[in-house]
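Asks:
2 protein chains.
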Amino acid sequence: MSQLFGSIEAGGTKFVCAVGNEELIIIDSTAFPTSKPEETLQKAVDYFKTFEPSLAAISVGSIGPIDIDEASETYGYVTSTPKPYWADVDMIGFLKAQLDVPMYFTTDVNASAYGEKVLDSSLNSLVYYTIGTGIGAGALQGEDFIGGVSHAEMGHTFVKRHPDDLDFAGVCPFHRDCLEGVAAGPSLEARTGVRGENIPLDSPVWDIQAYYIAQAAVAATLTLRPEKIIFGGGVMAQDHMMNRVRKQFSELLNGYVPVPDLADYLQTPKIANNASATVGNFALAKRAYLRHNQD
Amino acid sequence: MSQLFGSIEAGGTKFVCAVGNEELIIIDSTAFPTSKPEETLQKAVDYFKTFEPSLAAISVGSIGPIDIDEASETYGYVTSTPKPYWADVDMIGFLKAQLDVPMYFTTDVNASAYGEKVLDSSLNSLVYYTIGTGIGAGALQGEDFIGGVSHAEMGHTFVKRHPDDLDFAGVCPFHRDCLEGVAAGPSLEARTGVRGENIPLDSPVWDIQAYYIAQAAVAATLTLRPEKIIFGGGVMAQDHMMNRVRKQFSELLNGYVPVPDLADYLQTPKIANNASATVGNFALAKRAYLRHNQD
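Protein sequence lines correspond, in order, to chains A and B.
For the first sequence, our numbering assigns the number 1 to the initial residue and increments by one for each residue that follows.
For the second sequence, our numbering assigns the number 1 to the initial residue and increments by one for each residue that follows.
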């Protein structure tokens, strides 16, 4: 019987669980809200139980920060996330207790970055941002995720405040006006009293948000020099936002280093239906399975 | 006869040329001001000519941005640097025309980062910032410099402006109030009319500068997750500055991800006399020589 690889995209608002075949094609998937940890993780276990014994390995792409150091006592934990109930949760421990397969643990955005590389194997370096309830980014240089002792956590760096936004305190519980605090979805609602999807396109809040996201792209460009920066999440799927970000990116970078045509350089994911993390997890699960069987 | 390895630290204010032995010990060195390109580079050539034929290879650590893509038509060039006269200069071409040895080309800060790793080979990831006339940073993850299509250029990312510094426009010719524009040496003089070394320690400008440098350290921490961040340059050699940066770093990061004790994590170079880049260049020249002879 052919093998199946499991993906858990453990996001801030929902869990997406899926199984794929050896060609990394999605065979089945399910999604449920991210409620309290034990309840949510048990649903994931129950889902994957139905695919035993074909299930060969699972990769989990999780909201962070998480502990990915296999030598650490808290390996497999979600650590200091602002997400209520999810700090200090032993995610991999819970899964391993009921599912006896090799597991890989990384961030949701690293899994997404890896998925985009699966689809375009000529890409040697890329950064994947998600702009949603929170902001996160994962990055690849060659086959390696960027990150010395742990994973990138680029959503919480600081940005130059927009002149028309100086009075907004920011909503990050850790840093107030870090990138996530001023540019993630909840910041839009905090400024306007209206949920992002209901804010009119001529509201100045969009250019303010784009100004911050463009700065993140400048920082990623100057720090990591990637071939491409990919933006996932609903906000960036709107053409008007990507165009605002490209325009402000160009003004902010001001030609300091060469970058490709911005329509190519700053992009939405090539993998449709928000499945970048799922495809990336399949590939990472397969890699974990192959490495496990080498040992 | 034993081999010698050459180092050129091509900085914004001076060139430091040196030769080292196979143990990477400095045998001889010289320094001269960075004047116009041809004059300055010819001095470097004349210096290394005196060590032929023992000279086996040279590594150049240069101010940036530079073109390090060997497939590029402008490989070996300093490209868009704000340094007068030095934009679009074919540095490696000039040297190669008169010195027939393998050459390695990287940024001054990458060379410094590599030097610090030579001295502490247990370090698997580090970032090296220099805070001087300009601000630059190089980073290592394993044996690889951080940077997909080219080198890091982290001195020009944007920072949250200090509340008491909002009226200062910044002095970067490309970005005005990027990190370099508000925290490099010339910004101190632009604010106060007094050169940095003559500004009293109780001036508020130091905490403003530290606030920006601390944000750079937060960004490097959250993006690259290094084991250590090293600060070179005269400003950071002063204990009061390093302590100000550590204090503000701690407040800004606010425990979001774990970092080592800050006295270890945020450090000055271990290699004395500003020789980190020289030692790094020796090691990179030796690596270039060995690779050249493998081919």
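For each residue, glycine too, the CB sits at the ideal point set by N, CA and C.
1) Taking the Cβ atom as the reference point for each residue, do B:T192 and B:V182 lie within a distance shorter than 8 Å?
2) If you draw a straight line from the C-alpha of A:P82 to the C-alpha of A:M242, how long is it?
3) Taking the alpha carbon of A:G148 as the reference point, which residue from B:G142, B:G138, B:G185 has its own alpha carbon closest?
4) Note the first and the last residue of the continuous beta strand (DSSP E) segment covering B:S112.
5) Enumerate in chain order the residues of its own chain whose CB-to-CB distance from A:A220 is below 6 Å, with the five nearest sequence positions on each side excluded.
6) Do the region 117-124 of chain A and the region 275-283 of chain A meet, that is, are 3 or more Cβ pairs less than 8 Å apart?
7) Is there a Cβ from chain A that is less than 8 Å from the Cβ of B:P186?
8) Name the chain A residues whose beta carbon is nearer than 9 Å to that of B:E227?
9) Would you mind sorting A:G185 into buried or exposed? The rule is 16 or more other CB atoms within 10 Å of its CB.
10) Inspect the CB distances between the region 4-17 of chain B and the region 46-61 of chain B and report whether three or more fall short of 8 Å.
11) Is the Cβ of A:P65 closer than 8 Å to any Cβ of chain B?
12) Is it buried or exposed for B:L266, if we count other Cβ within 10 angstroms and need 16 for buried?
13) With 8 Å set as the bound, which would you pick, yes or no: does the beta-carbon of B:G255 sit closer than that to a beta-carbon of chain A?
14) On the DSSP letters alone, give me the boundaries of the alpha helix (DSSP H) that A:G185 sits inside.
15) Within 10 angstroms of the Cβ of B:E227, are there 16 or more other Cβ atoms? Answer buried if so, exposed if not.
16) What residues from chain B crowd round A:A219, counting only those whose CB sits closer than 9 Å?
17) Curious, which full-length alpha helix (DSSP H) runs of at least 4 residues does the region 35-71 of chain A contain?
18) Can you pull the chain B neighbours of A:D144, defined as C-beta to C-beta under 9 Å?
19) Taking 8 Å as the CB-CB cut-off, is B:E215 touching chain A?
20) Provide the residue span of the beta strand (DSSP E) that contains A:F15, from first to last.
21) Could you name each continuous alpha helix (DSSP H) segment of 4 residues or more that falls completely within the region 214-278 of chain B, going from the start of the chain to the end?
22) Where does B:Y289 sit, in a helix, a strand or coil, going by DSSP?
23) Decide if B:H348 is buried, meaning its Cβ has at least 16 other Cβ atoms within 10 Å, or exposed.
24) Which whole-angstrom value describes the C-beta separation of A:G136 and A:D108, a residue pair presumed to lie in contact below a C-beta threshold of 8 Å?
25) Could you tell me whether the Cβ of A:D372 comes closer than 8 Å to any Cβ of chain B?
26) Taking the alpha-carbon positions, what's the A:L188 to A:F32 distance?
27) Which residues bound the alpha helix (DSSP H) around A:I199?
28) Assuming the contact rule is C-beta atoms closer than 8 Å, A:Q215 and A:L262 should be a hit. Round their C-beta distance to whole Å, please.
29) Check whether the region 267-279 of chain A touches the region 94-105 of chain A, counting contact only when three or more Cβ pairs, one atom from each stretch, lie closer than 8 Å.
30) Starting from A:L95, trace the alpha helix (DSSP H) both ways and give me its first and last residue.
31) At the level of alpha carbons, what is the spacing between B:Q3 and B:R287?
32) Can you look up A:D144 in the DSSP assignment and give me helix, strand or coil?
33) What are the residues of the region 124-136 of chain B that lie near chain A, defined by any Cβ-Cβ distance shorter than 7 Å?
34) Measure the C-alpha to C-alpha separation of B:T133 and A:P258 and round it to an integer number of angstroms.
35) Spell out the partners DSSP gives B:F158 in its beta bridges.
36) Assign A:Q70 to buried or exposed, taking buried as 16 or more other Cβ atoms, counted over all protein chains shown, within 10 Å of its Cβ.
Replies: The relevant details are as follows:
1) Stepping through the second sequence from its first residue, residue 192 of chain B is reached at position 192. Stepping through the second sequence from its first residue, residue 182 of chain B is reached at position 182. Cβ atoms of B:T192 and B:V182: not closer than 8 Å.
2) Indexing the first sequence from 1 puts residue 82 of chain A at position 82. Indexing the first sequence from 1 puts residue 242 of chain A at position 242. Cα to Cα, the separation comes out at about 27 Å.
3) By one-based count along the first sequence, residue 148 of chain A stands at place 148. Looking at the Cα atoms, B:G142 is the closest of the given residues.
4) Within the second sequence, the letter at position 112 stands for residue 112 of chain B. Note, B:S112: premise wrong, no beta strand (DSSP E); alpha helix (DSSP H) at 108-119.
5) Indexing the first sequence from 1 puts residue 220 of chain A at position 220. For A:A220, where only same-chain residues beyond five positions count, the Cβ hits under 6 Å are V127, I229.
6) yes
7) Taking the first residue of the second sequence as position 1, residue 186 of chain B is located at position 186. Answer no: the Cβ-Cβ gap between B:P186 and chain A never drops below 8 Å.
8) Within the second sequence, the letter at position 227 stands for residue 227 of chain B. G148, V149, listed in chain order.
9) The count along the first sequence starts at 1 and reaches residue 185 of chain A at position 185. Under this definition A:G185 is a buried residue.
10) yes
11) For the purposes of this step, residue 65 of chain A is taken as residue 65 along the first sequence, with counting starting at 1. Closer than 8 Å: yes.
12) Working through the second sequence from its first residue, we reach residue 266 of chain B at position 266. Buried is the call here.
13) The count along the second sequence starts at 1 and reaches residue 255 of chain B at position 255. Answer yes: the Cβ-Cβ gap between B:G255 and chain A drops below 8 Å somewhere.
14) As a position in the first sequence, residue 185 of chain A is number 185, starting the count at 1. Counting along the chain, the alpha helix (DSSP H) containing A:G185 begins and ends at 185-192.
15) Within the second sequence, residue 227 of chain B is the residue found at index 227, counting from 1. So B:E227 ends up on the buried side.
16) Along the first sequence, read from residue 1 onward, the residue named residue 219 of chain A stands at position 219. Simply M154, T157, F158, A219, T223.
17) 37-49
18) Position 144 of the first sequence, counting from 1, holds the residue named residue 144 of chain A. The answer, in chain order, is Q141, G142, D144.
19) Taking the second sequence and counting its residues from 1, one reaches residue 215 of chain B at position 215. What sits at residue 215 of chain B in the sequence shown is Gln, not Glu. Yes, B:Q215 counts as interfacial toward chain A.
20) Residue 15 of chain A sits at position 15 when you count from the first residue of the first sequence. Note, A:F15: beta strand (DSSP E), 14-20.
21) 239-253, 262-265
22) Taking the second sequence and counting its residues from 1, the one referred to as residue 289 of chain B is at position 289. In the structure shown, B:Y289 sits in a helix (DSSP, three-state: H, G or I).
23) Residue 348 of chain B lies beyond the residue range present for chain B, which begins at 1 and ends at 295; the question has no answer from this structure.
24) Here the question's residue 136 of chain A lines up with position 136 in the first sequence. Here the question's residue 108 of chain A lines up with position 108 in the first sequence. So it is a contact: roughly 7 Å between Cβ atoms.
25) Lying before the first or after the last residue shown, residue 372 of chain A is absent from chain A, which here runs from 1 to 295.
26) Taking the first residue of the first sequence as position 1, residue 188 of chain A is located at position 188. Taking the first residue of the first sequence as position 1, residue 32 of chain A is located at position 32. Whole-angstrom Cα-Cα distance: 25 Å.
27) As a working mapping, residue 199 of chain A is identified with position 199 in the first sequence. No alpha helix (DSSP H) contains A:I199, which DSSP labels as neither H nor E.
28) Position 215 of the first sequence, counted from the start, is the residue given in the question as residue 215 of chain A. Position 262 of the first sequence, counted from the start, is the residue given in the question as residue 262 of chain A. In fact, because the Cβ distance is near 15 Å, the residues do not count as touching under 8 Å.
29) no
30) As a first step, residue 95 of chain A is located in the first sequence; it is residue number 95 there, counting from the start. From DSSP, the alpha helix (DSSP H) with A:L95 extends over 91-96.
31) As a first step, residue 3 of chain B must be located in the second sequence, where it is residue number 3. As a first step, residue 287 of chain B must be located in the second sequence, where it is residue number 287. Cα to Cα, B:Q3 sits roughly 13 Å from B:R287.
32) Within the first sequence, residue 144 of chain A is the residue found at index 144, counting from 1. In this structure, A:D144 counts as strand in the three-state DSSP scheme.
33) N124, S125
34) Looking up residue 133 of chain B in the second sequence gives position 133. Looking up residue 258 of chain A in the first sequence gives position 258. Answer to the nearest angstrom: the Cα atoms are 23 Å apart.
35) For the purposes of this step, residue 158 of chain B is identified with residue 158 of the second sequence, where counting begins at 1. DSSP lists B:C178 as partners of B:F158.
36) In the first sequence, residue 70 of chain A corresponds to position 70, counting from 1. Before going on, a small fix: residue 70 of chain A reads as Glu here, not Gln. By the 10 Å Cβ count, A:E70 comes out exposed.
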